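In the UniProt record's numbering, the protein residues as written are 1 to 315.
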């Protein structure tokens, strides 16, 4: 191979970046999500029983909100657990990390029928208000709030993974729902206006809808390969690397929220294999600063027939 030919090569290495994808961190994250799932499932059972026994549709709506959040944590835990322990081999080049956005997408879809159920029940209760057992409802809603606080305590501390941050924000929303149930029940006890119960339930349904849309948008961004980086900033940083003349092509996408992949086609003014390898390493180091986990870098001479090359690849 001549020195000129060596510059045309493709580099699929990851530089010095370690690609165990943080299995130890994933295991700790999985354990936290499993604990939060168990806590919230118990809270759901308590609020469901209380809502059915004491007639509070707000408590029922908060119970189902807690259930679907618990299922979300279960699915996130299962996806993280399987992905961390299955390398995929030659058949699945990135393992099973795609399970994470798939689980998130299913969670978002499952939230929507729950919203319909809550709104229907709230409408029926609005037409025909039902007396609720305020004392027991207050006690169970307070228990639900304590469940949320306990779950936040389990997740909080240190740097949270994306899954943990998502669960954390859900729990904050759940705590707000529990507070709303407590306040509405207290107001009903004082004023005797039972229509407040379905109104609060409808407001909780709005919060759940917002959560569903957020989850669907996040998973959709991964499925449809939205650029997870500031593309212009990355291109500027790459051009600033010694030996890089121009960024002819750059793409980045995510396999899951914790695995970012990129390809870069760069023009260079170097002529030897050693110089090309040094440029490639500098490119990998720069991409690593932007949290790219796996990069494919292609170098070609600055005066090459890049138009023909790009047309050949369908760009």
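Every residue, glycine too, gets a C-beta built ideally from N, C-alpha and C. Keep in mind the model is a prediction, meaning the values are calculated, not measured.
DSSP state of residue 21 mapped onto helix, strand, coil
In the chain shown, the residue the question calls residue 21 occupies position 21. Only weak support is given to the placement of residue 21: the predicted model assigns it a pLDDT of 45, under 50, and the value that follows is read from those uncertain coordinates. The answer is coil: DSSP assigns residue 21 none of H, G, I, E or B.
Buried or exposed, going by whether 16 or more other CB atoms sit within 10 Å of the CB of residue 195?
Translated into positions along the chain shown, residue 195 becomes position 195. Per the 10 Å Cβ criterion, exposed.
Cβ-based burial, residue 225 [other Cβ within 10 Å; buried from 16]:
Locating residue 225 in the chain shown gives position 225, where the first residue counts as 1. The residue in question, residue 225, is exposed, as its Cβ has fewer than 16 Cβ neighbours within 10 Å.
Top-ranked residue by Cα proximity to residue 154, from 40, 136, 294 and 59
Here the question's residue 154 lines up with position 154 in the chain shown. Ranking 40, 136, 294 and 59 by Cα distance to residue 154 puts 40 first.
What does a CB cutoff of less than 6 Å around residue 17 pick up in its chain, not counting 5 residues either side in sequence?
Position 17 of the chain shown holds residue 17. Because the pLDDT of residue 17 is 42, which lies under 50, any placement of that residue in the model is unreliable, and the question is left without a value.
Ignore the nearest five residues each way along the sequence and tell me which others in residue 205's own chain have a CB closer than 6 Å to its CB.
Indexing the chain shown from 1 puts residue 205 at position 205. The residues are 115, 118 and 119.
From what residue to what residue does the beta strand (DSSP E) around residue 259 run?
To locate residue 259, count along the chain shown from 1; it is residue 259. Segment 259-268, the beta strand (DSSP E) holding residue 259.
Establish whether the CB of residue 215 and some CB of chain D are separated by less than 8 Å.
Judged by its chain identifiers, the structure shown contains no chain D, having just a single protein chain.
So which of 235, 268, 249 and 59 has the shortest CA-CA distance to residue 145?
On the chain shown, position 145 is the one that residue 145 refers to. Ranking 235, 268, 249 and 59 by Cα distance to residue 145 puts 59 first.
By Cβ distance below 6 Å, which residues in the same chain neighbour residue 275 in space, the five residues on each side in sequence not counted?
As a first step, residue 275 must be located in the chain shown, where it is residue number 275. For residue 275, where only same-chain residues beyond five positions count, there are no Cβ hits under 6 Å.
Can you tell me whether residue 135 is buried or exposed? The criterion is at least 16 other CB atoms within 10 Å of its CB, across all chains shown.
In the chain shown, counting from the first residue as 1, residue 135 sits at position 135. Flag for residue 135 reads exposed.
In angstroms, rounded to a whole number, what distance separates the CA positions of residue 21 and residue 192?
Within the chain shown, the letter at position 21 stands for residue 21. Within the chain shown, the letter at position 192 stands for residue 192. Any answer about residue 21 is weak, because its pLDDT of 45 lies below 50 and its placement is not dependable; what the coordinates show is given next. Approximately 56 Å between the Cα atoms of the pair.
Cβ-Cβ distance between residue 185 and residue 263 below 8 Å:
Along the chain shown, read from residue 1 onward, the residue named residue 185 stands at position 185. Along the chain shown, read from residue 1 onward, the residue named residue 263 stands at position 263. Taking 8 Å as the Cβ cut-off, residue 185 and residue 263 do not qualify as a contacting pair.
Could you give the distance in angstroms between the alpha-carbon of residue 245 and the alpha-carbon of residue 292?
Along the chain shown, read from residue 1 onward, the residue named residue 245 stands at position 245. Along the chain shown, read from residue 1 onward, the residue named residue 292 stands at position 292. The C-alpha of residue 245 lies about 21 Å from the C-alpha of residue 292.
Helix, strand or coil for residue 302? Go by DSSP, reduced to three states.
Working through the chain shown from its first residue, we reach residue 302 at position 302. Residue state, collapsed to three classes: coil.
Beta-carbon within less than 8 Å of residue 42's beta-carbon, same chain only, minus the 5 sequence neighbours each way: which residues are those?
As a working mapping, residue 42 is identified with position 42 in the chain shown. Excluding residues within five positions, the ones whose Cβ falls inside 8 Å are 147.
Out of curiosity, what's the CA-to-CA distance linking residue 23 and residue 257?
Walking along the chain shown from the start, residue 23 turns up at place 23. Walking along the chain shown from the start, residue 257 turns up at place 257. Since pLDDT at residue 23 reaches only 48, below the 50 mark, its modelled position is unreliable, and the value read off the structure follows with that caveat. If I take the Cα positions, the gap works out to 14 Å.
Supposed contact pair residue 299 and residue 266 - C-beta distance, whole angstroms, cut 8 Å
Position 266 of the chain shown holds residue 266. Position 299 of the chain shown holds residue 299. Confirmed, about 6 Å.
DSSP state of residue 296, grouped into three classes?
Residue mapping note: residue 296 aligns to position 296 of the chain shown, counting from 1. Correct three-state label for residue 296: strand.
Limits of the unbroken alpha helix (DSSP H) element including residue 274:
Counting from one through the chain shown, the residue named residue 274 turns up at place 274. Where residue 274 is concerned, the enclosing alpha helix (DSSP H) stretches over 273-289.
Count the other C-beta atoms from every protein chain shown that fall within 10 angstroms of the C-beta of residue 73, then say buried if there are 16 or more, exposed otherwise.
Residue mapping note: residue 73 aligns to position 73 of the chain shown, counting from 1. By the 10 Å Cβ count, residue 73 comes out buried.
Which same chain residues end up closer than 8 Å to residue 150 when comparing Cβ atoms and leaving out the 5 residues on each side of it in sequence?
Numbered from 1 along the chain shown, position 150 holds the residue referred to as residue 150. Once the five neighbours on either side are set aside, the close Cβ partners of residue 150 are 39.
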